[in-house]
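> Start counting the sequence shown at 25; every next residue gets the next number (this note's numbering).
The beta carbon of each residue, even a glycine, is placed where N, CA and C say it ideally should be.
Quick caveat, the model's predicted, so the values are computed rather than measured.
I have a structure I would like to understand better, so I am pasting it below and will then ask my questions one at a time.
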Amino acid sequence: MKRREVRWSDLLFFNSLRALALLIILVFISIFVFLYISSAETFNTIGWKFFILQDWSTNGGRFGALAFIYGTVLSSLIAILLATPVSVGSALFLTEIGPRVLRRPVQMLIELLAAIPSVVYGLWAIFVLAPFVKDHIQPVLRGMTPGLELFQGPPFGLGLFTSGLVLAIMITPTITAICVEVFRSIPLIYREGAKALGATTWETIRLAVLGPGLAGIFSAVILGLGRAMGETMAVTMVIGNRADISASLFSPAATMSSVIANEYGEASAGLHLSSLSAIGLTLLLVSMVVNGFARVVIWRVTRGAR
Numbered sequence: 025m026k027r028r029e030v031r032w033s034d035l036l037f038f039n040s041l042r043a044l045a046l047l048i049i050l051v052f053i054s055i056f057v058f059l060y061i062s063s064a065e066t067f068n069t070i071g072w073k074f075f076i077l078q079d080w081s082t083n084g085g086r087f088g089a090l091a092f093i094y095g096t097v098l099s100s101l102i103a104i105l106l107a108t109p110v111s112v113g114s115a116l117f118l119t120e121i122g123p124r125v126l127r128r129p130v131q132m133l134i135e136l137l138a139a140i141p142s143v144v145y146g147l148w149a150i151f152v153l154a155p156f157v158k159d160h161i162q163p164v165l166r167g168m169t170p171g172l173e174l175f176q177g178p179p180f181g182l183g184l185f186t187s188g189l190v191l192a193i194m195i196t197p198t199i200t201a202i203c204v205e206v207f208r209s210i211p212l213i214y215r216e217g218a219k220a221l222g223a224t225t226w227e228t229i230r231l232a233v234l235g236p237g238l239a240g241i242f243s244a245v246i247l248g249l250g251r252a253m254g255e256t257m258a259v260t261m262v263i264g265n266r267a268d269i270s271a272s273l274f275s276p277a278a279t280m281s282s283v284i285a286n287e288y289g290e291a292s293a294g295l296h297l298s299s300l301s302a303i304g305l306t307l308l309l310v311s312m313v314v315n316g317f318a319r320v321v322i323w324r325v326t327r328g329a330r
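In structure tokens, the structure reads:
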């Protein structure tokens, strides 16, 4: 049998792709190692209790990450809960329901939201969104649930809910764009088969679009969650920047990215700087856990669909 000849250009292309893939892995490992070495003083002094301590005082030398983990996770969850229905509904409108003459303009407007810088979102939120939350949203929710601590507290306008609302607006284009591609990749025969069996429009969407596209929708949501957890400037400008754990969604808080942005430039070498690096390592670990959980869920959903 004649031996197959391999062109040098194909071999070069193959090895280049392999080198780039290895480079990505090395970059990730280098980031992890850098953060771990930079935060070694914190773990040697405070230990692993750093993750469960709430106090953060630069003057008193007390550093704990729990308040920032709480702020990051809760604000991101608020953003996901608000953005997911809007994003999936927008994607369905663009692919299944909306008139063809409106689909392209609406999609362009949604994609334009992704091009707006985060600092512009922050400025808009300070002067427009925060007063609206203070004067209209919080009083209504507080009046509807007088015994629920979740919506109580003084009306600051700046806090967890406002930051989650801003994040929801920022991640909506990302989730929508991915959902649109997922829905468009579903074979047309699925829809035609459902309609041939007498399904209504909603039943066709539920059975032939949302069902097969569930894994893709979940992937889009997790990608939006990762974007929300790592967002810095817009959140820093509207969350209130107070290391506190409160039951109220309208109370000021802080996230891991916001405390790094606020204090890293002024931190002196020592335990303070090491603790900020430990916060960065914590954010990386939380992101890894979320992505790992998402991989497991997507695998189970895909296996169940098969």
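At the level of alpha carbons, what is the spacing between Ser33 and Asn265?
Position 9 of the sequence shown, counted from the start, is the residue given in the question as residue 33. Position 241 of the sequence shown, counted from the start, is the residue given in the question as residue 265. Cα to Cα, the separation comes out at about 54 Å.
> Could you give the DSSP three-state label for Arg127: helix, strand or coil?
Working through the sequence shown from its first residue, we reach residue 127 at position 103. Arg127 falls in the helix class under three-state DSSP.
> Cβ of Ala220 within 8 Å of Cβ of Leu231?
The count along the sequence shown starts at 1 and reaches residue 220 at position 196. The count along the sequence shown starts at 1 and reaches residue 231 at position 207. Not a contact, by the Cβ cut-off of 8 Å.
> Could you tell me the alpha carbon to alpha carbon distance between Ala64 and Thr82, rounded to whole angstroms?
Within the sequence shown, residue 64 is the residue found at index 40, counting from 1. Within the sequence shown, residue 82 is the residue found at index 58, counting from 1. Approximately 18 Å between the Cα atoms of the pair.
> Hey, could you find the ends of the alpha helix (DSSP H) Glu227 is sitting in?
Your numbering for residue 227 matches position 203 in the sequence shown. Start and end: 225-228.
> So, with DSSP's three-state summary, where would you put Gly264?
On the sequence shown, residue 264 is found 240 positions in, with the first residue counted as 1. Here Gly264 sits in strand by DSSP.
> Using CA atoms only, rank isn't needed, just tell me which of Trp226, Ile263, Leu126, Tyr214 is closest to Phe92.
One-based indexing of the sequence shown puts residue 92 at position 68. Comparing Cα positions, the closest option is Ile263.
> Examine the Cβ distances between the segment 157-176 and the segment 192-200 and report whether three or more of them are shorter than 8 Å.
Short answer: they don't touch.
> Three-state secondary structure (DSSP) at Ser272?
Along the sequence shown, read from residue 1 onward, the residue named residue 272 stands at position 248. In this structure, Ser272 counts as coil in the three-state DSSP scheme.
> My guess is that Ile76 and Leu90 are in contact by the Cβ rule of under 8 Å, so how many angstroms apart are they, rounded?
The residue labelled residue 76 in the question sits at position 52 within the sequence shown. The residue labelled residue 90 in the question sits at position 66 within the sequence shown. Contact flag correct, Cβ pair sits at about 6 Å.
> Is the beta carbon of Pro236 sitting closer than 8 Å to the one on Ile199?
As a first step, residue 236 is located in the sequence shown; it is residue number 212 there, counting from the start. As a first step, residue 199 is located in the sequence shown; it is residue number 175 there, counting from the start. No, the pair does not count as a contact, with Cβ atoms beyond the cut-off.
> Going by other Cβ atoms of all chains shown within 10 Å of its Cβ, with 16 needed for buried, is Trp72 buried or exposed?
Stepping through the sequence shown from its first residue, residue 72 is reached at position 48. Its Cβ having fewer than 16 others within 10 Å, Trp72 is exposed.
> Determine the direct distance from the alpha carbon of Ile70 to that of Cys203, and round the result to whole angstroms.
For the purposes of this step, residue 203 is taken as the residue at position 179 of the sequence shown. For the purposes of this step, residue 70 is taken as the residue at position 46 of the sequence shown. If I take the Cα positions, the gap works out to 44 Å.
> Please work out which residues of its chain come closer than 7 Å, Cβ to Cβ, to Ile229, disregarding the five sequence neighbours upstream and downstream, and give them in chain order.
Taking the sequence shown and counting its residues from 1, the one referred to as residue 229 is at position 205. The answer, listed in chain order, is Leu116, Glu120.
> Just grab the DSSP bridge partners of Trp80 for me.
Counting from 1 along the sequence shown, the entry for residue 80 is found at position 56. In the DSSP output, where bridge partners are listed per residue, Trp80 has Phe87.
> Leaving out five residues on either side along the sequence, give the residues of the same chain with a beta carbon under 8 Å from the beta carbon of Thr13.
Residue 13 cannot be examined here, being either before or after the span of the chain that is shown, 25 to 330.
> When DSSP labels each residue in this structure, what does Ala277 get in the three-state scheme?
Counted from its first residue, the sequence shown places residue 277 at position 253. Strand.
> What number of angstroms, rounded off, separates the C-alpha of Glu205 from the C-alpha of Phe87?
By 1-based counting over the sequence shown, the position of residue 205 is 181. By 1-based counting over the sequence shown, the position of residue 87 is 63. Answer to the nearest angstrom: the Cα atoms are 44 Å apart.
> Does the ligand ADP have even one heavy atom less than 7 Å from the beta-carbon of Ser272?
For the structure depicted, the ligand ADP is absent and the ligand set is empty, with no information on it obtainable.
> Thinking C-alpha only, which one of Val152, Leu247, Val313, Leu300 is nearest Ala103?
Indexing the sequence shown from 1 puts residue 103 at position 79. Comparing Cα positions, the closest option is Leu247.
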